[in-house]
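Just so it is clear: in the sequence shown, position 77 is 76 by numbering that gives the first Met the number 0, and no numbers are missing.
Read through the structure below, which is laid out as structure tokens, and then see the notes.
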Amino acid sequence: MRELEAIRNAVIEFKKAEINHLVQAAIADGVDLNTLLDALIGAMDEVGRRFASAEIYVPEMLASALTMKEALNLIKPLLLGYKKQTRATILIGTVKGDLHDIGKNIVIMMLEGAGFEVIDLGVDLREEVVIDKVRELKPQVLGLSALLTTTMPEMGKIIKTLEQAGLREQVKVIVGGAPIDEAFASKIGADGYARDAVAAVESVKRFIGN
Ligand code: B1M
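Listed below in structure tokens is the structure:
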């Protein structure tokens, strides 16, 4: 579809000034929101490929990320319009040393759209903050995101610290992010792994039994 191609190119070529208009036009034309999201996510994959092969560098990658965020800001209120009731509370954040938050924010949007209350702990999340918040807010689920192979081990550290603090039994832990897989999740003792935002919603529903 030509509209989706234009949106994909706008993210890859960080045309921030054009993205609002393009996304609004696609929404007005009735393009399905999930199809739109898939196109945006695919664009970031291409950005990652270009970065890995040194066709672009950090500033370009950041500019694409900002363009992507602009697009997500337009989609978010529409996704949230689907449902309103609160089914459970979920804490979510990106682990220490890691600033990537686009995927986490999509996961949040999907969870909120499915009727969950989500508390976003942000990025570069210190263990102590997680422990304090779990103790204080008693969420049913804790979601952790990591995009760097160097920050993946932080997830295991958080789970260990939850155990030491006597809090592990009261919260289910779901992990996700590009370098994470099922085997890693089970190695660190997480309750679940979600490949993408849709799988994250499914996992949470399974854990809280609805
Ligand atoms: Co960075 N970066 N980055 N980056 N960046 C990657 C991750 C990288 C793979 C690029 C590459 O080399 N191909 C690479 C990591 C390599 C590795 O670890 N093996 C990399 C690197 C090296 C770096 C820096 C070290 C670069 C540098 O400074 N030299 C640096 C690190 C900074 C830091 O965090 N300390 C860095 C910086 C940045 C920017 C700041 C410029 C920017 C992030 C902006 C932001 O997020 N606010 C950025 C970006 C944009 C990327 C890529 C291009 C795109 C990430 C993204 O947003 N994807 C990325 C390459 C790539 O992933 N293809 C790359 C789209 C997003 C929708 O997907 O985040 O995977 P994703 O989320 C998905 C799923 O993974 C899943 O659901 C989401 C939706 O489907 N998911 C969950 C995610 N979290 C989940 C949690 C769940 C469940 C599912 O439950 C809780």
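The C-beta atom is built at its ideal place from N, Cα and C for all residues, glycine as well.
Since this is a predicted model, take the numbers as computed values, not measurements.
(message) I'd like to know whether the C-beta of M0 is nearer than 9 Å to at least one C-beta of chain B.
(response) Here there is only one protein chain, and chain B is not present.
(message) Going by DSSP, what residue range makes up the alpha helix (DSSP H) through D37?
(response) 32 to 51
(request) Compute the beta-carbon to beta-carbon distance between A70 and V106, rounded to the nearest angstrom, for a pair I have assumed lies under 8 Å. (result) Not confirmed; about 16 Å, so no contact.
(message) Is F50 near the ligand B1M - that is, is its Cβ less than 8 Å away from at least one heavy atom of it?
(response) yes
(message) Could you give the first and the last residue of the continuous alpha helix (DSSP H) run that contains V57?
(response) 57 to 79
(message) Let me check one thing: in DSSP terms, what residues is K171 bridge-paired to?
(response) V140
(message) Taking the beta carbon of R48 as the centre, do at least 16 other beta carbons fall within 10 Å, making it buried, or is it exposed?
(response) exposed
(message) Can you check which of these residues, A38, G114, K156, R134, is closest to V94 by C-alpha distance?
(response) K156
(request) Out of K137, R86, I158, state which residue places its alpha-carbon closest to the alpha-carbon of I207. (result) R86
(message) Nearest by alpha-carbon distance to T88: which of I74, A113, L98, D97 is it?
(response) A113
(request) Quick one: give me the first and last residue of the alpha helix (DSSP H) that G155 is part of. (result) 152 to 163
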